[in-house]
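Chains as they are written, first to last, in my numbering: chain E, 235 to 601; chain V, 24 to 208. Reviewing the structure listed below.
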Amino acid sequence: MKPVKLLIAGTANPHVAGYLRSVKAIQEDVEVIAVSDTDRERLLMAKKTVGDGATISFYDDIDSMLEAHPDAEAIMVGSDNCEHYGMCLKAFERGLHIYSMKVVSMDEEECRHLLELKSRSKRVFQVEYELHFSPQFRYARELIQSGELGDIQAVYFSNISQSPICYYPNWGVPELSYGKRVPLYPGAHIYRGGALTDHPHAFDLIRWMLGREFKSVRAMSARNQRDYLEVEDHAVLTGELEGGVKYMINPSYSNLEERATTRKMLWPKSLECNLKITGSKGAYCADYFDHPLYVLAHECASPDRLIVHLNAPRKTETLLGSFARAVRGEREKPESTLEDGVSAVRVMNAAYESIYRGCEVEVSPSL
Amino acid sequence: MSKILNTNRINRSDLSFLEWSVYLSFKQMLEQGMAGRLCSLRFTWQSPQCIKMDRERFVFGLLGGMIEATESLGNAKLHSVHLEEACGGDVIFGLVQLDNRVVAEIDMNQALPPGAEQLCYLLVDCEQGRLTNRPLVGHQSAEGSLLIKDNLRQMVSFHDLPCGDVGSVSPRIKAALKKKLGGGA
Chain E
235 MKPVKLLIAG TANPHVAGYL RSVKAIQEDV EVIAVSDTDR ERLLMAKKTV GDGATISFYD
295 DIDSMLEAHP DAEAIMVGSD NCEHYGMCLK AFERGLHIYS MKVVSMDEEE CRHLLELKSR
355 SKRVFQVEYE LHFSPQFRYA RELIQSGELG DIQAVYFSNI SQSPICYYPN WGVPELSYGK
415 RVPLYPGAHI YRGGALTDHP HAFDLIRWML GREFKSVRAM SARNQRDYLE VEDHAVLTGE
475 LEGGVKYMIN PSYSNLEERA TTRKMLWPKS LECNLKITGS KGAYCADYFD HPLYVLAHEC
535 ASPDRLIVHL NAPRKTETLL GSFARAVRGE REKPESTLED GVSAVRVMNA AYESIYRGCE
595 VEVSPSL
Chain V
24 MSKILNTNRI NRSDLSFLEW SVYLSFKQML EQGMAGRLCS LRFTWQSPQC IKMDRERFVF
84 GLLGGMIEAT ESLGNAKLHS VHLEEACGGD VIFGLVQLDN RVVAEIDMNQ ALPPGAEQLC
144 YLLVDCEQGR LTNRPLVGHQ SAEGSLLIKD NLRQMVSFHD LPCGDVGSVS PRIKAALKKK
204 LGGGA
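Here it is in structure tokens:
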């Protein structure tokens, strides 16, 4: 398969660095030809991350990059959340396929417009939901869909991390992460755009595994563990999916971190991603960070302290592989679509509404 | 069909939640200011259905005890509770909020197959740390994923173990082993 010529617009999203580090490893699927960022420091960091030897051009704005590369076929939207919509509009205008970091946009009007544009274009639009490729969760989906667990009755999922805001300060600015400043509850000085906005995985994963939409949400947010944050660092939700399945989801920043400008992993786990499914014929539970590697090393990212590294399993398919095959017509659609991305946003906004109003909120069937 | 009953852990105590040693230890640590101000709590209770509690003990004893423990640890009165029930009431998901915005999640499940372990965990998240009796990794299943059915308790690993692939070992190493141990590959 011919690699897809890819532009990267914005590097504010922490996941973009991972792609830049592995431009050679991903070259069977995509050829990264240019990167843009309006932030000088981030652009310099992107150049440093790519290193010498890669023929990638760098630009300080998306328009110059688009103009200089008429041969581009696709674009990775990796800016702050608030800029995703504008960048996607430019991409649609240029006829590019889109690979968007999550969330697409927390503004549901913008989401609706993107869905309209997508339905009129013949372009591929993938939202980056990497947990679809976890073998633990793929197996869970198989168990559910094959009927091995019987009728699914309840599901619990935790997606808990450290707060990334010390080393990615933009993540803690409500206007950048949520798109605007909305108090978490009446009179609050904490605003939407924190842990809940940062963890759309959970909502997508449950839809994907169970094939059911969310019907109702009751959410609560505790007082922040970090008194310096303007956005929420805790949220927990429960409610009902289609077919009467009950769920509980915790997408919080409950794992504390050091206040350092670069990421430090802390013992025993910086991240928690646990799934528990109860069916009429059985139960299944999975820890995404199982079988860890224990590392105590001087040159480690967190020097001289015991940390846990994820022992990455073999992947049979990758996010970019799915995207590239969809672009080349070898897949009908990518693994995680714009529709999936928007569905998660609707649940997250219902959760924010529930926290604000202090009551259960129904999730509308569609936008 | 043969039934597997996990016998690794048999709970022989008859304590109320507020007498549970883990709860009492954490209460004392909070009172000593060991981890700073309390922010949120996570309660986990799970049990095989074959040894489940009756409804009165499950709801009014255990769930009630967790809510009371939240008030006591949070040092504030109950503001709101939201409960979702599944499996005929044997699964309860609960959210509890106190007047001072301490929030607790409650995950109770006594609808599990016989191979499930009976366990109770409490996580106490504070401004300056965490107190918990939950194992550090793989809290549900040691390490790996766990599939439990009436007659099955299976650890599922997605991480390949190395196998004895003779072809991948260099002739030099094979020759050295042959010299030392005999035989041949």
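Glycine is no exception: its CB is placed at the ideal position from the N, C-alpha and C atoms.
TODO: Assign D188(V) to buried or exposed, taking buried as 16 or more other Cβ atoms, counted over all protein chains shown, within 10 Å of its Cβ.
DONE: The count along the second sequence starts at 1 and reaches residue 188(V) at position 165. Burial check for D188(V): the Cβ neighbour count within 10 Å stays below 16, so the residue is exposed.
Task: Nonlocal neighbours in the same chain, by C-beta distance under 6 Å from A127(V), ignoring five residues either side - done: Walking along the second sequence from the start, residue 127(V) turns up at place 104. Excluding sequence neighbours, A127(V) sits near L64, T93 and V119.
TODO: Identify each residue in the stretch 67 to 101 of chain V for which the Cβ-Cβ distance to at least one residue of chain E is less than 7 Å, and report them in chain order.
DONE: Residues passing the 7 Å Cβ filter: none.
Open item on the list: So with CB distances below 9 Å, who are the chain E contacts of L184(V)?
Closed with: The residue labelled residue 184(V) in the question sits at position 161 within the second sequence. Residues of chain E passing the Cβ test: none, with the nearest at roughly 10 Å.
Task: Proximity test, Cβ basis, 8 Å: T495(E) and chain V - done: Counting from one through the first sequence, the residue named residue 495(E) turns up at place 261. Chain V, which has no Cβ nearer than 8 Å to the Cβ of T495(E), makes this no.
Open item on the list: Check whether chain E comes within 8 Å of F11(V), counting only Cβ atoms and requiring the distance to be less than that.
Closed with: Because chain V spans 24 through 208 in this model, residue 11(V) falls outside it and cannot be assessed.
- [ ] Kindly list the residues whose CB is nearer than 7 Å to the CB of Y402(E), restricted to its own chain and excluding five residues on each side of it in sequence; keep chain order.
- [x] Taking the first sequence and counting its residues from 1, one reaches residue 402(E) at position 168. Hits under 7 Å: P248.
Open item on the list: Quick check on DSSP: helix, strand or coil for V250(E)?
Closed with: Translated into positions along the first sequence, residue 250(E) becomes position 16. In the structure shown, V250(E) falls within a helical segment according to DSSP collapsed to helix, strand and coil.
Task: E551(E) versus S570(E): straight-line alpha-carbon distance, rounded - done: Here the question's residue 551(E) lines up with position 317 in the first sequence. Here the question's residue 570(E) lines up with position 336 in the first sequence. One C-alpha to the other measures close to 13 Å.
Task: Residue span of the beta strand (DSSP E) that contains I483(E), given as start and end - done: Residue numbering aside, residue 483(E) sits at position 249 when the first sequence is read from its first letter. Start and end: K480 to N484.
Open item on the list: Our contact map puts R497(E) next to A436(E) with C-beta atoms below 8 Å; I'd like the distance itself, whole angstroms only.
Closed with: Your numbering for residue 497(E) matches position 263 in the first sequence. Your numbering for residue 436(E) matches position 202 in the first sequence. Contact between R497(E) and A436(E) is ruled out by a C-beta separation of about 21 Å, above the 8 Å threshold.
Open item on the list: How far does the alpha helix (DSSP H) with V581(E) in it extend, from its first residue to its last?
Closed with: The sequence position of residue 581(E) within the first sequence is 347, counting from 1. Residues L572 to R591.
Task: Bounding residues of the beta strand (DSSP E) (the contiguous stretch that carries K172(V)) - done: For the purposes of this step, residue 172(V) is taken as the residue at position 149 of the second sequence. Run containing K172(V): S168 to K172, per the beta strand (DSSP E) assignment.
Task: Within chain V, the residues that E474(E) reaches when beta carbons sit closer than 8 Å - done: In the first sequence, the residue the question calls residue 474(E) occupies position 240. Result: E107.
Open item on the list: Excluding the 5 residues flanking I518(E) on each side, which residues of the same chain have their C-beta closer than 7 Å to its C-beta?
Closed with: Working through the first sequence from its first residue, we reach residue 518(E) at position 284. What sits at residue 518(E) in the sequence shown is Tyr, not Ile. Within the same chain, Cβ atoms closer than 7 Å to the Cβ of Y518(E) are found at A374, L377, L383 and I511, the five residues on either side in sequence being excluded.
- [ ] Identify the continuous alpha helix (DSSP H) that holds V416(E) and give its terminal residues.
- [x] Walking along the first sequence from the start, residue 416(E) turns up at place 182. That residue, V416(E), is in no alpha helix (DSSP H); it is neither H nor E in DSSP.
- [ ] From the DSSP output, read off the bridge partner residues of A512(E).
- [x] Taking the first sequence and counting its residues from 1, one reaches residue 512(E) at position 278. Correcting the residue identity first, residue 512(E) is Thr in this sequence and not Ala. DSSP, once it has assigned bridges, lists A388(E) and A517(E) as partnering T512(E).
Open item on the list: If you measure between the beta carbons of N489(E) and Q370(E), is that distance less than 8 Å?
Closed with: Here residue 489(E) refers to the residue found at position 255 when the first sequence is read from its first residue. Here residue 370(E) refers to the residue found at position 136 when the first sequence is read from its first residue. Their beta carbons are not under 8 Å apart, which means N489(E) does not touch Q370(E) by this criterion.
- [ ] Please determine, among E166(V), D173(V) and L146(V), the residue with the shortest C-alpha to C-alpha distance to V45(V).
- [x] The residue labelled residue 45(V) in the question sits at position 22 within the second sequence. Selected option, being the one with the closest Cα: L146(V).
TODO: Assign L85(V) to one of three DSSP states: helix, strand, or coil.
DONE: Walking along the second sequence from the start, residue 85(V) turns up at place 62. In the structure shown, L85(V) sits in a helix (DSSP, three-state: H, G or I).
TODO: Could you say which of L240(E), A251(E) and D286(E) lies nearest to M299(E) if we only look at CA atoms?
DONE: Residue numbering aside, residue 299(E) sits at position 65 when the first sequence is read from its first letter. Among L240(E), A251(E) and D286(E), the Cα nearest to that of M299(E) is on L240(E).
TODO: Determine, using beta carbons only, whether C507(E) comes closer than 8 Å to chain V.
DONE: Counting from one through the first sequence, the residue named residue 507(E) turns up at place 273. Not an interface residue.
Task: First through last residue of the alpha helix (DSSP H) which encompasses N315(E) - done: Within the first sequence, the letter at position 81 stands for residue 315(E). Per DSSP, N315(E) belongs to the alpha helix (DSSP H) from N315 to R328.
Open item on the list: Could you tell me the alpha carbon to alpha carbon distance between S504(E) and P434(E), rounded to whole angstroms?
Closed with: Within the first sequence, residue 504(E) is the residue found at index 270, counting from 1. Within the first sequence, residue 434(E) is the residue found at index 200, counting from 1. Separation of S504(E) and P434(E) (C-alpha to C-alpha, rounded to the nearest whole angstrom) is 18 Å.
- [ ] Output yes if chain E places a C-beta closer than 8 Å to the C-beta of M24(V); else output no.
- [x] Position 1 of the second sequence, counting from 1, holds the residue named residue 24(V). Because M24(V) carries a pLDDT of 44, less than 50, the predicted location of this residue cannot be relied on, and no value is offered for it.
Open item on the list: Please report the straight-line C-alpha distance between Y363(E) and G152(V), rounded to a whole angstrom.
Closed with: Start at 1 with the first residue of the first sequence, and residue 363(E) comes out as number 129. Start at 1 with the first residue of the second sequence, and residue 152(V) comes out as number 129. Linking Y363(E) to G152(V) through their CA atoms gives a straight-line distance of about 30 Å.
Task: For R176(V), the residue or residues it bridges with in DSSP - done: Along the second sequence, read from residue 1 onward, the residue named residue 176(V) stands at position 153. R176(V) is bridged by DSSP to I171(V).
Task: Nearest neighbour of L101(V), chosen from V114(V), A109(V), L85(V) and R124(V) [CA to CA] - done: Within the second sequence, numbered from 1, the residue matching residue 101(V) stands at position 78. The residue with the shortest Cα to Cα distance from L101(V) is R124(V).
TODO: Can you grab the Cα-Cα spacing for the pair G516(E) / Y481(E), in whole Å?
DONE: To locate residue 516(E), count along the first sequence from 1; it is residue 282. To locate residue 481(E), count along the first sequence from 1; it is residue 247. Taking the straight line from one Cα to the other gives about 17 Å.
- [ ] Kindly give me the distance between the Cβ atoms of L554(E) and I296(E), rounded to whole angstroms, as I take these residues to be in contact under 8 Å.
- [x] Numbered from 1 along the first sequence, position 320 holds the residue referred to as residue 554(E). Numbered from 1 along the first sequence, position 62 holds the residue referred to as residue 296(E). Incorrect: roughly 20 Å between the Cβ atoms, too far for contact.
Open item on the list: Let me see if you follow: with CB-CB separation under 8 Å, is Q459(E) close to chain V or not?
Closed with: Counted from its first residue, the first sequence places residue 459(E) at position 225. For Q459(E), the answer is yes, since a Cβ of chain V falls inside 8 Å of its Cβ.
TODO: Report yes if the CB atom of L96(V) is closer than 8 Å to the CB atom of L53(V), and no otherwise.
DONE: Residue numbering aside, residue 96(V) sits at position 73 when the second sequence is read from its first letter. Residue numbering aside, residue 53(V) sits at position 30 when the second sequence is read from its first letter. Yes, the pair counts as a contact, with Cβ atoms nearer than the cut-off.
Open item on the list: Quick check on the DSSP output: what are the complete beta strand (DSSP E) runs of length 3 or more inside the stretch 328 to 384 of chain E, in order along the chain?
Closed with: Assignment of beta strand (DSSP E) within the stretch 328 to 384 of chain E, counting only whole runs of 3 or more residues, yields 331 to 334 and 359 to 361 in chain order.
- [ ] Answer with buried or exposed for H532(E), where buried requires no fewer than 16 other C-beta atoms within 10 angstroms of its C-beta.
- [x] Taking the first residue of the first sequence as position 1, residue 532(E) is located at position 298. Its Cβ having fewer than 16 others within 10 Å, H532(E) is exposed.
TODO: Starting from S191(V), find everything on chain E with Cβ-Cβ shorter than 9 Å and list it in chain order.
DONE: Stepping through the second sequence from its first residue, residue 191(V) is reached at position 168. Within chain E, not a single residue places a beta-carbon under 9 Å from that of S191(V); the smallest gap is close to 16 Å.
TODO: Could you have a look at Q120(V) and say whether DSSP puts it in helix, strand or coil?
DONE: Position 97 of the second sequence, counted from the start, is the residue given in the question as residue 120(V). In the three-state DSSP reduction, Q120(V) falls in the strand class (E or B).
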